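Reading the sequence shown from the start, the letters are residues 0 to 426 in numbering that gives the first Met the number 0. Just so you know, even glycine gets a beta-carbon here, dropped at the ideal spot from N, CA and C. Computed from a prediction, not measured in an experiment: that's the story for all the values here. Written below as structure tokens is the structure these notes are about.
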Amino acid sequence: MDKKVLVVGGGGRCHAIVDALSRSPKVGKIYCAPGNAGIAAQAECVPLKDTQVGELKEFALDNAIDLTVVGPEASLALGIVDEFESAGLRIFGPSKAAATIESSKDFAKRLMAKYGVPTAAYETFEDYGKAVEYVRGHSMPVVLKYDGLAAGKGVVIPDTFTEAETILREMLLDDMFGKGKVVIEDFLTGPEFSLMCFVDGEKVYPMALSQDHKRAYEGDRGPNTGGMGAYSPLPFITDEDMEYSMEKIMKPVAAGLVREGCPFKGVLYGGLMKTPDGIKVIEFNCRFGDPETEVVLPRLESDIYDIFSSVVDGTPMSEIRWSGRATMGFVMASEGYPGHYDKGFEIKGLDALSDNQDVRVYHMGTAFAGPGQETADNGIVTAGGRVLMVVGFGRDLQEAHDKALKAVEQVDCSNLFYRRDIGWRVL
Ligand code: AMP
Ligand code: GLY
Numbered sequence: 000m001d002k003k004v005l006v007v008g009g010g011g012r013c014h015a016i017v018d019a020l021s022r023s024p025k026v027g028k029i030y031c032a033p034g035n036a037g038i039a040a041q042a043e044c045v046p047l048k049d050t051q052v053g054e055l056k057e058f059a060l061d062n063a064i065d066l067t068v069v070g071p072e073a074s075l076a077l078g079i080v081d082e083f084e085s086a087g088l089r090i091f092g093p094s095k096a097a098a099t100i101e102s103s104k105d106f107a108k109r110l111m112a113k114y115g116v117p118t119a120a121y122e123t124f125e126d127y128g129k130a131v132e133y134v135r136g137h138s139m140p141v142v143l144k145y146d147g148l149a150a151g152k153g154v155v156i157p158d159t160f161t162e163a164e165t166i167l168r169e170m171l172l173d174d175m176f177g178k179g180k181v182v183i184e185d186f187l188t189g190p191e192f193s194l195m196c197f198v199d200g201e202k203v204y205p206m207a208l209s210q211d212h213k214r215a216y217e218g219d220r221g222p223n224t225g226g227m228g229a230y231s232p233l234p235f236i237t238d239e240d241m242e243y244s245m246e247k248i249m250k251p252v253a254a255g256l257v258r259e260g261c262p263f264k265g266v267l268y269g270g271l272m273k274t275p276d277g278i279k280v281i282e283f284n285c286r287f288g289d290p291e292t293e294v295v296l297p298r299l300e301s302d303i304y305d306i307f308s309s310v311v312d313g314t315p316m317s318e319i320r321w322s323g324r325a326t327m328g329f330v331m332a333s334e335g336y337p338g339h340y341d342k343g344f345e346i347k348g349l350d351a352l353s354d355n356q357d358v359r360v361y362h363m364g365t366a367f368a369g370p371g372q373e374t375a376d377n378g379i380v381t382a383g384g385r386v387l388m389v390v391g392f393g394r395d396l397q398e399a400h401d402k403a404l405k406a407v408e409q410v411d412c413s414n415l416f417y418r419r420d421i422g423w424r425v426l
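This is the structure we're talking about:
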């Protein structure tokens, strides 16, 4: 058919959403704002930023967009869904109020406490002196979480008391991310996993499970990043674990949000940990995970346009089917990421990979070379911290890993690094 869809965002997550939408027979035309050099092969890129909510709404009205799908949390926290809905537009994502589950750690912790959802013990502080006093009375490590959006950099696990003091100073006195509060919580241990669900009020439909790799370097060392690789499915999560996660965590939280007067519509992402004391919540996000989406959506066999429509319109959801194939993806990031990095480095070898049926390359931060810049392939250059997510498919995770790694080695760029140990926990 001929539905027109607008995807808001421009990273690997949006590339995977665009890719899934392009498999729907109902979708005739896809726009992506702002998109990137990889997305441009499957969608018409619109030069609007994800935060230009008013302009995006005008674009959707002018172009008779049937459905808008939102990728990044920034747009959601700005209230893009409320804005579109008040103009009578169909949009997939939570309202600004429901998106608070991600934008405020304190809100999320209070919600979990109220509805009995298992998570680490915590306290919230605005005052630097009181926060330092609390840490002093605790054994290390503790987890410090800035109460607001901080582009994945608002969580720090200091090794020493001095380091904790420095970070609290930056967050509470120097307002590194803006004026705010800090949640201090107990340090938990165990494997983490991502349970993303399509949610329509109290109705919760799980996606295939995946696991991210948050640390920058091999052996899970180095600073926290947005994620350096992922895979799906997860052999270490049992059916009982899954049932517990749905019945004790995802469904009560969705029901809690309804009761609090901010029903959730969209993707609710549970960042969960399998601790020795059971499964506990590390964080909630109000959107698809990145890079998890790049390994989960390629396994989706159902029509994603139908799924989005069921949530947006509140109509019954058909059974969601997942392929038995395993996926594993390696993020290729700019040297220096998650700290300072340079952009504009030529990427070669992508054309050769586009014919490989066992591999899919999602672009996270790429652009077309500017005028005067000599490049091979289609003139694609690095344009972000995380640049590419190279996903391999296989009968099992080992095969998916091998396919992806081989493909990663074929990408030729002088300024990219990656972790070779993605999937170490299961291989
Ligand atoms: P978040 O942004 O809340 O997901 O935190 C980023 C990362 O910090 C998580 O993926 C965990 O690896 C780690 N982390 C957060 N909270 C805790 C905790 N309570 N115990 C141990 N690690 C944590
Ligand atoms: N991969 C973690 C996130 O999307 O927040």
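Can you tell me where the beta strand (DSSP E) with residue i in it begins and where it stops?
i: E122; result: 121–124
i: D185; result: 181–185
i: I29; result: 26–33
i: D282; result: According to the sequence displayed, residue 282 carries Glu and not Asp. Segment 277–284, the beta strand (DSSP E) holding E282.
i: G265; result: 264–274
Tell me the residue span of the alpha helix (DSSP H) that contains residue i.
i: F81; result: It is worth fixing the name first, because residue 81 is Asp in this sequence and not Phe. Residues 79–85.
i: M170; result: Unbroken run through M170: none, as it is neither H nor E.
i: L256; result: 250–258
i: A130; result: 127–135
Return the Cβ separation of residue i and residue j in integer angstroms, given the expectation that the two are a contact with Cβ distance under 8 Å.
i: H137; j: I421; result: With 8 Å as the limit, H137 and I421 do not qualify as a contact, their Cβ atoms being about 33 Å apart.
i: P222; j: A229; result: So it is not a contact: roughly 18 Å between Cβ atoms.
i: R324; j: G391; result: R324 to G391, Cβ: 10 Å. No contact.
i: T67; j: V7; result: 6 Å
i: S72; j: E101; result: Residue 72 is actually Glu in this sequence, not Ser. Sure, about 5 Å apart at Cβ, within 8 Å.
At a cut-off of 7 Å, is residue i close to the ligand AMP when judged by its beta-carbon and the heavy atoms of the ligand?
i: A354; result: Correcting the residue identity first, residue 354 is Asp in this sequence and not Ala. For the ligand AMP, not one heavy atom lies less than 7 Å from the Cβ of D354.
i: L208; result: no
i: D185; result: yes
i: I100; result: no
i: V142; result: yes
i: G270; result: yes
i: A119; result: yes
Are there 16 or more other CB atoms within 10 angstroms of the CB of residue i, so buried, or fewer, so exposed?
i: T292; result: buried
i: D61; result: exposed
i: K108; result: buried
i: R419; result: exposed
i: E246; result: exposed
i: Q51; result: buried
i: M439; result: What the structure shows of the chain is the stretch from 0 to 426, and residue 439 is not part of that stretch, so it cannot be assessed.
i: L172; result: exposed
i: S413; result: exposed
i: F235; result: exposed
i: E239; result: exposed
i: R359; result: buried
i: G225; result: buried
i: S308; result: buried
For residue i, is the beta carbon positioned less than 7 Å from some heavy atom of the ligand GLY?
i: G11; result: no
i: N284; result: yes
i: G226; result: yes
i: E43; result: no
i: D173; result: no
i: D357; result: no
i: G288; result: yes
Any C-beta of chain D sitting closer than 8 Å to the C-beta of residue i?
i: D276; result: The chain labelled as chain D is not found in the depicted structure, where only one protein chain is given.
>> List, from N- to C-terminal side, the alpha helix (DSSP H) runs of 4 residues or more that fit wholly inside the segment 323–395.
In response: 349–352
>> Quick check for students: name the residue ranges of the beta strand (DSSP E) that lie wholly in the segment 195–223, counting only runs of 3 or more.
In response: 202–205, 214–216, 220–223
>> Runs of 3 residues minimum, wholly inside the segment 32–115: which ones carry the beta strand (DSSP E) assignment?
In response: 66–69
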